[in-house]
Amino acid sequence: MHSLFVKELFIWPRFHVTVQSSFKPFEAQLVELHVPLSEKMISKQTNILDLMNYLVHEIKRINRTVDLEVITIENYVTKKSHTILQIQLDCIWYQLNSQTKLIVAD
5 MHSLFVKELF IWPRFHVTVQ SSFKPFEAQL VELHVPLSEK MISKQTNILD
55 LMNYLVHEIK RINRTVDLEV ITIENYVTKK SHTILQIQLD CIWYQLNSQT
105 KLIVAD
């Protein structure tokens, strides 16, 4: 492959059927289980969401000049929420007060 200056090798469609038939008998079975939340788990989840909501509102209240429309509690629950917030505040990080920086750290 190196001498042909080929970075990727595609073996379609010649070997595709052979490979697919080899894997067919060993297909994984997927079983989904849905475990209901207990009362304590629901209470903890609600409290965490309330805290997150409070922190988002505090950031918006303290920094009225910053455009934080993207920062909502629905968007903040995702895994990339910290990245979104960091991108929004990165350009003005030196202008933020210490209270805002502590809230972001929380």
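With the sequence shown counted from 1, adding 4 to any position gets you our numbering.
Cβ coordinates follow ideal geometry from the N, Cα and C atoms, glycine included.
| Check | Outcome |
| --- | --- |
| Span separating the alpha-carbon of F30 from that of E36 | 19 Å |
| Counted within 10 angstroms of its Cβ, other Cβ atoms place T50 as buried (16 or more) or exposed | exposed |
| Integer-rounded CB distance, given that L93 should sit under 8 Å from L100 | 7 Å |
| Three-state secondary structure assigned by DSSP to Q33 | coil |
| Neighbourhood of L53 by C-beta distance below 8 Å, restricted to the same chain and skipping five residues each side | I77 and V81 |
| N57 burial status per 10 Å Cβ neighbour count (16 or more: buried) | exposed |
| Buried or exposed (CB count within 10 angstroms, at least 16 for buried), I63 | buried |
| Whole-angstrom distance between N67 and V60, CA atom to CA atom | 11 Å |
| Which of helix, strand or coil DSSP assigns to K84 | coil |
| Close Cβ partners of N79 (< 8 Å) along its chain, the five nearest in sequence each way excluded | S85 and I88 |
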